[in-house]
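S.K.: After the structure tokens below, expect a handful of questions from me.
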Amino acid sequence: MPLIAAIYAETPIEVVQAWQAFQTTDGAAERLSNRFADARWEFRSRDLNGQPMQRPRDKRGISFAEAMLGEAVGRQYVAEYFPAESKAKMEELVANLRIALGNRIRTYSWMSPETQAAAQEKLEKFTVKIGYPNKWRDYSALEIRPDDLFGNAERAGVFRWQYQLNRLNQPVDKDEWGMTPQTVNAYYNSTNNEIVFPAAILQPPFFDPEADPAVNYGGIGGVIGHEIGHGFDDQGSKSDGDGVLRNWWTPADKANFEALTARLGAQYDQFEPIPGFHVQGGLTMGENIGDAAGTAVGLEAYHLSLNGQPSPVLDGVTGNQRFFFGWAQVWQSKMRDDALRNQIATDPHSPAEFRVIGPLRNVDAWYEAFDVQPGDKYYLAPADRVRIW
Numbered sequence: 000m001p002l003i004a005a006i007y008a009e010t011p012i013e014v015v016q017a018w019q020a021f022q023t024t025d026g027a028a029e030r031l032s033n034r035f036a037d038a039r040w041e042f043r044s045r046d047l048n049g050q051p052m053q054r055p056r057d058k059r060g061i062s063f064a065e066a067m068l069g070e071a072v073g074r075q076y077v078a079e080y081f082p083a084e085s086k087a088k089m090e091e092l093v094a095n096l097r098i099a100l101g102n103r104i105r106t107y108s109w110m111s112p113e114t115q116a117a118a119q120e121k122l123e124k125f126t127v128k129i130g131y132p133n134k135w136r137d138y139s140a141l142e143i144r145p146d147d148l149f150g151n152a153e154r155a156g157v158f159r160w161q162y163q164l165n166r167l168n169q170p171v172d173k174d175e176w177g178m179t180p181q182t183v184n185a186y187y188n189s190t191n192n193e194i195v196f197p198a199a200i201l202q203p204p205f206f207d208p209e210a211d212p213a214v215n216y217g218g219i220g221g222v223i224g225h226e227i228g229h230g231f232d233d234q235g236s237k238s239d240g241d242g243v244l245r246n247w248w249t250p251a252d253k254a255n256f257e258a259l260t261a262r263l264g265a266q267y268d269q270f271e272p273i274p275g276f277h278v279q280g281g282l283t284m285g286e287n288i289g290d291a292a293g294t295a296v297g298l299e300a301y302h303l304s305l306n307g308q309p310s311p312v313l314d315g316v317t318g319n320q321r322f323f324f325g326w327a328q329v330w331q332s333k334m335r336d337d338a339l340r341n342q343i344a345t346d347p348h349s350p351a352e353f354r355v356i357g358p359l360r361n362v363d364a365w366y367e368a369f370d371v372q373p374g375d376k377y378y379l380a381p382a383d384r385v386r387i388w
């Protein structure tokens, strides 16, 4: 705050006023006339990210309604696209992922029994939220007029502000969600030690209740493992199972962990999506640890799900191969160079290509599945492979 105050004190009032006017207009541009909406798109999407065409107006309208009435839209989405059987299968997947990680923690030679016990305790205390919240937000107090788009947005903003204000000095509602069910994403909340999977990410290609289990474990299983891994990444490892910021590591174990993460970061530093632009292993560290955990733990969970039976070969493709295909499939993407450069500079996630190959080249089973040999592009000698979680 003192730094911000100093900036305001040293800046001419006319500059501050111009900046504030721009911020206000830019934030409201999508709800104003085409002149404002087009100008915002030209700057933020075309010039900064190379997007050649603006999204159709109906798509922008849907996004606006979804942003204003998130859980109301989410309730309809769940009724249409998330059957009870999907939730039941997800609960089974999560249970196997937790068992798999617990088994792996017990085998880590770089971690002392004391730290292993603390990690197991944290894992046992994870809260898992699947699909949608147990109680829905009530929007009945929000006035919506069919002929007043700008006013609807302003009233929705006041509604959200009042909702947050009402939470002050109240007990923390641990049933509350930080994402809507229609959001294609997932997250780990270190304060509550919880992992959350909205209904929209529990759809193909991430998850299909009718699909081959190997593909599901490679897809959504890898994502589950990724989010669990955030509880033990470079930031999540600083809090315990109750969400309290506390060092539960011995000094030697912490040093071992940091040495492993440094090796992983160095691997990602070598990736060059665009000539002259390298992935930043430090910036992307937490997400890379999550991906490494997701693939390794997800694969072990898949084999747990087989209950001791061999993995079936389907159309000549082994279970492990299908698992790795499932992981690769969820990261299919197409990105313009402008957007990719922006991602490399600012985004804590590695580009999609390296979210696939980055973790897999550290998994021994990947080499066996596809007969990857010395001299192949992404081959790593066994001694150079990093196994954290």
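Per numbering that gives the first Met the number 0, the sequence shown starts with residue 0, numbered consecutively. Heads up, the beta-carbon is just placed ideally off N, CA and C, and yes, glycines get one too.
#1: If the criterion is Cβ atoms closer than 8 Å, does the pair Phe270 and Phe353 meet it?
#2: Could you give the residue range of the beta strand (DSSP E) that holds Pro197?
#3: Go to Tyr7, then tell me how far its alpha helix (DSSP H) extends in each direction, as first and last residue.
#4: By DSSP, does Lys58 sit in helix, in strand, or in coil?
#5: Any idea what DSSP makes of Ile387, helix, strand or coil?
#6: Suppose the cutoff is 6 Å on Cβ atoms and the five residues either side in sequence are ignored; what does the same chain contact list for Gln234 look like?
#7: At what residues does the alpha helix (DSSP H) containing Gly224 begin and finish?
#8: Helix, strand or coil for Phe21 per DSSP?
#9: Measuring straight from C-alpha to C-alpha, what distance separates Leu164 and Phe369?
#10: Helix, strand or coil for Gly130, going by three-state DSSP, please let me know.
#11: Reducing DSSP to helix, strand and coil, say where Ile288 ends up.
#12: Less than 8 Å between the beta carbons of Ala265 and Val362, yes or no?
#13: Report yes or no: do three or more beta-carbon pairs, one from the stretch 340–351 and one from the stretch 245–254, lie closer than 8 Å?
#14: So what's Ser238 in DSSP terms, helix, strand or just coil?
#15: Which residues in the same chain as Glu226 place their Cβ atom closer than 6 Å to its Cβ, once the five residues preceding and following it in sequence are excluded?
#16: Using 10 angstroms around the beta-carbon of Ser32, count the other beta-carbons present and answer buried if the total reaches 16, otherwise exposed.
#17: What number of angstroms, rounded off, separates the C-alpha of Glu29 from the C-alpha of Gly130?
#18: Suppose the cutoff is 6 Å on Cβ atoms and the five residues either side in sequence are ignored; what does the same chain contact list for Ala117 look like?
#19: How many Å lie between Asp174 and Ala83 at the Cα?
#20: Please state whether the Cβ-Cβ distance between Asn192 and Phe125 is less than 8 Å.
#21: When the Cα atoms are used, what is the spatial distance from Asn287 to Leu359?
#22: Give the C-beta separation of Val77 and Pro180 to the nearest angstrom, bearing in mind that I take them to be a contact with Cβ-Cβ under 8 Å.
#23: Run the CB neighbour count on Val214, radius 10 Å, all protein chains shown included, and call it buried at 16 or more, exposed below.
#24: Under 8 Å between the Cβ atoms of Asn102 and Glu299?
#25: Give a yes or no on contact between the stretch 320–331 and the stretch 376–383, applying the rule of three or more CB pairs nearer than 8 Å.
#26: Less than 8 Å between the CB atoms is what I'm expecting for Gln331 and Gly218, so what's the real figure, rounded?
#27: Check each candidate in Pro197, Leu122, Ala71 and name the one with the smallest Cα separation from Arg136.
#28: Please indicate yes or no: does the CB of Ala4 lie closer than 7 Å to some heavy atom of the ligand MN?
#29: Under three-state DSSP, which class holds Phe158?
M.R.: With the structure as the only source:
#1: A Cβ-Cβ contact shorter than 8 Å links Phe270 with Phe353.
#2: Boundaries of the beta strand (DSSP E) harbouring Pro197: 193–197, taken from the DSSP string.
#3: DSSP places Tyr7 in the uninterrupted alpha helix (DSSP H) bounded by 1–9.
#4: Here Lys58 carries a helix assignment [DSSP, helix/strand/coil].
#5: If DSSP states are grouped into helix, strand and coil, Ile387 belongs with coil.
#6: Excluding the 5 residues flanking it on each side, Gln234 has same chain C-beta neighbours closer than 6 Å at Gly285, in chain order.
#7: Per DSSP, Gly224 belongs to the alpha helix (DSSP H) from 221–229.
#8: Phe21: helix per DSSP, three-state reduction.
#9: If you take the alpha carbons of Leu164 and Phe369, they lie about 55 Å apart.
#10: Correct three-state label for Gly130: strand.
#11: In the structure shown, Ile288 sits in a helix (DSSP, three-state: H, G or I).
#12: Going by beta carbons, Ala265 and Val362 fall outside the 8 Å limit.
#13: Judged by Cβ distances under 8 Å, the stretch 340–351 makes no contact with the stretch 245–254, as fewer than three pairs qualify.
#14: Strand at Ser238.
#15: Contacts found: Ala185, Tyr187, Ile194.
#16: Taking all protein chains shown into account, Ser32 has fewer than 16 neighbouring C-beta atoms within 10 Å of its C-beta and is therefore exposed.
#17: Between Glu29 and Gly130, the C-alpha separation is close to 30 Å.
#18: Closer than 6 Å at the Cβ level, and outside the excluded window around Ala117, lie Trp247.
#19: Approximately 19 Å between the Cα atoms of the pair.
#20: In this structure, Phe125 lies closer than 8 Å to Asn192 by Cβ.
#21: Computed Cα separation, rounded: 11 Å.
#22: Yes, Val77 and Pro180 are in contact; Cβ-Cβ is about 5 Å, under 8 Å.
#23: It counts as buried.
#24: Closer than 8 Å, so yes.
#25: Between the stretch 320–331 and the stretch 376–383, the count of Cβ pairs shorter than 8 Å is below three; the stretches do not touch.
#26: Gly218 and Gln331 do not touch by the CB rule: their CB atoms are close to 11 Å apart, not below 8 Å.
#27: Closest option to Arg136, Cα to Cα, is Ala71.
#28: Because no ligand of any kind appears in the structure shown, any question about the ligand MN cannot be addressed here.
#29: Correct three-state label for Phe158: helix.
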